[in-house]
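> Heads up: the sequence shown begins at 56 in the numbering used here, then just goes up one per residue. The beta carbon of each residue, even a glycine, is placed where N, CA and C say it ideally should be. None of these values were measured; they are calculated from a predicted model. Quick one: the structure is below, and I'll ask about it shortly.
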Amino acid sequence: MWHSKITLDKLFFINYSLSMDFFKNPQKLKQLLEMSEELPLAVQNYPSRGQTSIQKLYQTKYGKLFLKKVSDRNHQECRINVKSGTLAERESWAHQLASALGLNTPRMMLLDSLTTVQYWLDIPDAHHFITDQGPLTFDSQNVFECACFDWLTGQIDRHDANYLYDFVHQKIILIDSAHAFLEWDGSLPHYLQIFEASSLGAVSEKQYVPFLDKIGTVISKLQELVPLRSIAEQDALHRRAHRLLNIKSIFDVIKFYRKSL
56 MWHSKITLDK LFFINYSLSM DFFKNPQKLK QLLEMSEELP LAVQNYPSRG
106 QTSIQKLYQT KYGKLFLKKV SDRNHQECRI NVKSGTLAER ESWAHQLASA
156 LGLNTPRMML LDSLTTVQYW LDIPDAHHFI TDQGPLTFDS QNVFECACFD
206 WLTGQIDRHD ANYLYDFVHQ KIILIDSAHA FLEWDGSLPH YLQIFEASSL
256 GAVSEKQYVP FLDKIGTVIS KLQELVPLRS IAEQDALHRR AHRLLNIKSI
306 FDVIKFYRKS L
């Protein structure tokens, strides 16, 4: 059971404060990790291909930081075109894109082409919350924004351990977004499957959120935010972005996934 009273706003204020220095300077971030205590990290709780990478958790004076280094096996099993972008690069680009769209994700830095460091949030992933506490309760606007983002990035690995659950505000926070920006469209995210089955009325509700306006603005900056080196993957990203321009509801996103099958 989780007893934390820390709010989502405070979590991201901490993220922002930390980013003012260390998350803008890879060398300073490396030095911070070297001076910090490495904590035990249980990666065996959920069967994931991510376990083949190096994963370390550090306790710093600013909070916990999570380092992840991907391996050749990661790229092979996930069918990643490394020449266009490694898994680490793709995860970093996903964070940049989320930030541009105003979607809250843990602060992240790309240390090198295979290694990322991100702020660690001490809240449960959906897998653990559902197992220990029961069904999730959703905020439809939050689901809409996350669903649009996962469709835009072509995310194909959004299982129940790849998003956190802020049980205080009943919102989900996307993590581990590396398996993205491929030539083909993604697969229906786990949270969207649950929402579709449990919130039938809200699925078709029109969403009026700033996120929709930002999509049009971001399209002109996609190459800068997500510098894929494959023309085919660039084209697929732009195609998905343009399809989102006329979207109105969560059901519209679900239809995109159904048509891509």
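Taking K276 as the reference, which of I309, Q248 and H297 has the closest Cα?
Taking the sequence shown and counting its residues from 1, the one referred to as residue 276 is at position 221. Among I309, Q248 and H297, the Cα nearest to that of K276 is on H297.
> If you follow the beta strand (DSSP E) that K119 is in, where does it begin and where does it stop?
On the sequence shown, position 64 is the one that residue 119 refers to. K119 -> beta strand (DSSP E) spans G118 to K124.
> Check whether the Cβ atoms of K123 and Q131 lie closer than 9 Å to each other.
In the sequence shown, counting from the first residue as 1, residue 123 sits at position 68. In the sequence shown, counting from the first residue as 1, residue 131 sits at position 76. Their beta carbons are not under 9 Å apart, which means K123 does not touch Q131 by this criterion.
> Look up Y218 in the DSSP assignment and say whether it is helix, strand or coil.
Locating residue 218 in the sequence shown gives position 163, where the first residue counts as 1. Strand at Y218.
> With 16 other CB atoms within 10 Å as the buried threshold, where does Y218 fall?
Here residue 218 corresponds to residue number 163 of the sequence shown, with the count starting at 1. So Y218 counts as buried.
> With distances taken from CA atoms, which of E279, Q114 and S242 is nearest K22?
Any answer about residue 22 is impossible in this case: the structure gives the chain only from 56 up to 316.
> Once you ignore the five residues that flank N136 on each side, which residues in its own chain have a CB closer than 6 Å to its CB?
What you label residue 136 is simply residue 81 of the sequence shown in a count that begins at 1. Within the same chain, N136 has close Cβ partners S285.
> Using a threshold of 9 Å, state whether the C-beta atoms of G118 and W175 are closer than that.
Walking along the sequence shown from the start, residue 118 turns up at place 63. Walking along the sequence shown from the start, residue 175 turns up at place 120. Yes, Cβ-Cβ distance for G118 and W175 is below 9 Å.
> If I measure Cβ to Cβ from Y312 and keep anything under 6 Å in the same chain, skipping five residues before and after, which residues do I get?
In the sequence shown, counting from the first residue as 1, residue 312 sits at position 257. Excluding positions up to five away in sequence, the list reads L243.
> Please report the distance separating the alpha-carbon of M164 from that of R145.
Against the sequence shown, residue 164 aligns to sequence position 109. Against the sequence shown, residue 145 aligns to sequence position 90. If I take the Cα positions, the gap works out to 12 Å.
> Considering only DSSP beta bridges, list what S154 is partnered with.
As a working note, residue 154 is residue 99 in the sequence shown. Paired residue(s): none; S154 is not in a bridge.
> Between the C-alpha atoms of L280 and Q289, what's the straight-line distance to the nearest angstrom?
By 1-based counting over the sequence shown, the position of residue 280 is 225. By 1-based counting over the sequence shown, the position of residue 289 is 234. Looking at the two C-alpha atoms, the distance is approximately 11 Å.
> Measuring only the C-alpha atoms, how far is S253 from S304?
Here residue 253 corresponds to residue number 198 of the sequence shown, with the count starting at 1. Here residue 304 corresponds to residue number 249 of the sequence shown, with the count starting at 1. Those two C-alpha atoms are separated by around 16 Å.
> Assess, as a yes-or-no matter, whether the stretch 183-195 is touched by the stretch 146-153 under the definition of 3 or more beta carbon pairs within less than 8 Å.
No, because fewer than three Cβ pairs between the stretch 146-153 and the stretch 183-195 fall closer than 8 Å, the two stretches do not touch.
> Would Y263 and R213 be called neighbours here (beta carbons separated by less than 9 Å)?
Counting from 1 along the sequence shown, the entry for residue 263 is found at position 208. Counting from 1 along the sequence shown, the entry for residue 213 is found at position 158. Cβ atoms of Y263 and R213: not closer than 9 Å.
> Whole angstroms is fine: what's the gap from L191's alpha carbon to I230's?
As a first step, residue 191 must be located in the sequence shown, where it is residue number 136. As a first step, residue 230 must be located in the sequence shown, where it is residue number 175. L191 and I230: Cα-Cα distance of roughly 17 Å.
> Need the endpoints of the alpha helix (DSSP H) that Y246 sits in, please.
Here the question's residue 246 lines up with position 191 in the sequence shown. From DSSP, the alpha helix (DSSP H) with Y246 extends over H245 to S253.
> What is the rounded straight-line gap between the Cα of A257 and the Cα of P81?
The count along the sequence shown starts at 1 and reaches residue 257 at position 202. The count along the sequence shown starts at 1 and reaches residue 81 at position 26. One C-alpha to the other measures close to 43 Å.
> Taking the straight line between their C-alpha atoms, what separation do you get for P282 and F121?
Here residue 282 corresponds to residue number 227 of the sequence shown, with the count starting at 1. Here residue 121 corresponds to residue number 66 of the sequence shown, with the count starting at 1. Their Cα atoms are separated by approximately 24 Å.
> How many whole angstroms separate the CB atoms of L317 and F266, which I take to be in contact at a CB cut-off of 8 Å?
Shown here, the chain extends from 56 to 316; a query on residue 317 therefore has no answer.
> Exposed or buried, H234, counting other C-beta atoms within 10 Å across all chains shown (16 or more means buried)?
Translated into positions along the sequence shown, residue 234 becomes position 179. By the 10 Å Cβ count, H234 comes out buried.
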